[in-house]
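Q: Going by full-length UniProt numbering, the letters in the sequence shown line up with residues 1 to 99, in that order.
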Amino acid sequence: MPIDWAEVERRYGEGAKIPTVAGGKTLEITSVDADGIHIRNALWRDTLRREDLEKGVELVENGVVSRQAGKFVEEYRTFVVDVRATSAAHVLKHLGFLE
Numbered sequence: 001m002p003i004d005w006a007e008v009e010r011r012y013g014e015g016a017k018i019p020t021v022a023g024g025k026t027l028e029i030t031s032v033d034a035d036g037i038h039i040r041n042a043l044w045r046d047t048l049r050r051e052d053l054e055k056g057v058e059l060v061e062n063g064v065v066s067r068q069a070g071k072f073v074e075e076y077r078t079f080v081v082d083v084r085a086t087s088a089a090h091v092l093k094h095l096g097f098l099e
């Protein structure tokens, strides 16, 4: 099932704090647009690119990378992009694509 970007925009478009995969902390989403999900913490700001997240979900759906969030992070770095892989896992788990 591909990412329903309209749902992503509805859920996170005005900002949100979602739990991390390890629990106890949160990831701050500042906004969403057609290009991606904008995130920040106390030290940095970045964007999880839509095309990278969609490729990650496609690889999960095709069994190329793991649905387990911890394993997904390393595989996402290898198969998709080595940028904010842990943050991508937090978001995709919150959206229901990862366990």
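Beta carbons are placed, not taken as given, at the ideal position from N, Cα and C, and that holds for glycine. The model shown is predicted, which means the values in this text are computed figures rather than measured ones.
According to DSSP, is Ser31 part of a helix, a strand, or is it coil?
A: Ser31: strand per DSSP, three-state reduction.
Q: On the DSSP bridge list, what partners appear for Pro2?
A: Bridge partners of Pro2: none, in fact.
Q: Restricting to runs no shorter than 3 residues, where is the beta strand (DSSP E) found entirely within the region 43-68?
A: Whole beta strand (DSSP E) segments, 3+ residues: 45-49.
Q: So, Ile18 versus Ile29, is the Cβ gap smaller than 9 Å?
A: For Ile18 and Ile29, yes; Cβs fall inside 9 Å.
Q: What is the C-beta distance between Ser31 and Gly56, in whole angstroms, given that I count them as a contact (C-beta under 8 Å)?
A: Going by Cβ atoms, the distance from Ser31 to Gly56 rounds to 20 Å, so no, they are not a contact pair.
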